[in-house]
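Peer 1: In my numbering, the protein residues as written are 6 to 179.
I am attaching a structure below and will ask some questions about it afterwards.
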DNA sequence: TATTGGATCGCC
DNA sequence: GCGATCCAATAG
């Protein structure tokens with residue numbers, strides 16, 4: 006069975022919708038001749054100037070420019086000097102938005118996701134496609150999908166104003 | 001040019 | 001609770 010990477014059509018939509026629908030999809034990593042697939046279990050949505058918890062809250066900077074770029078590309082950044090965080094860009098080109106991949110089945114936490122899959126800023130701005138070695142597939146069976154239950158909470162450890170902190174833009178597969 | 005602090009993790 | 005450890009962002 007041929008498996009296809011989800012492309013621009015999937016990611017160039019409302020960030021909240023993409024975030025929710027990423028749960029139950031698979032993050033696939035190919036490196037060193039080996040391919041591994043992980044069920045996505047936890048994500049968070051971030052947008053632009055309307056979202057004070059977002060890196061893009063104050064416009065474009067060197068770090069966040071990928072968030073303004075084409076959807077379906079990776080936004081990776083270094084946090085606390087030692088961990089990387091992986092995001093997939095959403096919305097139309099020019100509209101800053103992304104979904105943070107916070108957890109996978111068996112891998113809990115955004116820093117650990119990147120450590121486990123060997124993700125660094127080398128993937129910054131690269132497409133979610135087989136060509137980059139990191140992409141997303143819809144592998145779940147119909148039966149599995151019927152069993153998915155989604156929990157929605159406030160985002161973890163974010164800054165910004167109270168309004169942004171209160172938004173329940175974290176999605177977790179129960 | 002200098003200072004600050006973060007979408008984290010693991011150990012105390 | 002707190003230190004590790006880097007560098008982008010911001011202030012000056």
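Glycine included, every Cβ here is placed at the ideal spot set by N, Cα and C.
1) Name the DSSP beta bridge partners of residue 108, please?
2) So, under 8 Å CB-CB, residue 140 and residue 49 are touching, yes? Tell me the CB distance rounded to an integer number of Å.
3) Pick helix, strand or coil for residue 30, following the three-state DSSP scheme.
4) Give me the Cβ distance between residue 155 and residue 179, rounded to the nearest whole Å; I'm assuming they're in contact under 8 Å.
5) With a CB to CB cut of under 7 Å and the five nearest residues on each side skipped, what residues in its chain are close to residue 12?
6) Going straight from the alpha carbon of residue 117 to that of residue 25, what length do you get?
7) So does the region 62-72 actually touch the region 27-37, counting three or more Cβ pairs closer than 8 Å?
8) Output the residue ranges of the beta strand (DSSP E) runs that lie fully inside the region 60-141 and measure 3 residues or longer, sorted by chain position.
9) Confirm, please, whether the CB-CB distance from residue 124 to residue 89 is below 7 Å.
10) Looking only at its own chain, which residues have a Cβ that is under 8 Å from the Cβ of residue 20, when we skip the five neighbours before and after it?
11) According to DSSP, which residues form a beta bridge with residue 176?
12) Report back the beta-carbon spacing between residue 106 and residue 91 to the nearest angstrom; my notes put them in contact at under 8 Å.
13) With burial defined as no fewer than 16 other Cβ atoms inside 10 Å of the residue's Cβ, what is the status of residue 58: buried or exposed?
14) Counting only the same chain and skipping the five closest in sequence on each side, list residues whose C-beta sits under 6 Å from that of residue 42.
Peer 2: Checking against the coordinates, here is how it stands:
1) 47 and 113
2) That belief does not hold up - the Cβ atoms of residue 140 and residue 49 are roughly 20 Å apart, past 8 Å.
3) coil
4) 7 Å
5) 77
6) 21 Å
7) no
8) 79-84, 88-94 and 103-109
9) yes
10) 50, 51, 52, 95, 96, 102, 103 and 104
11) 48 and 157
12) 5 Å
13) buried
14) 31 and 33
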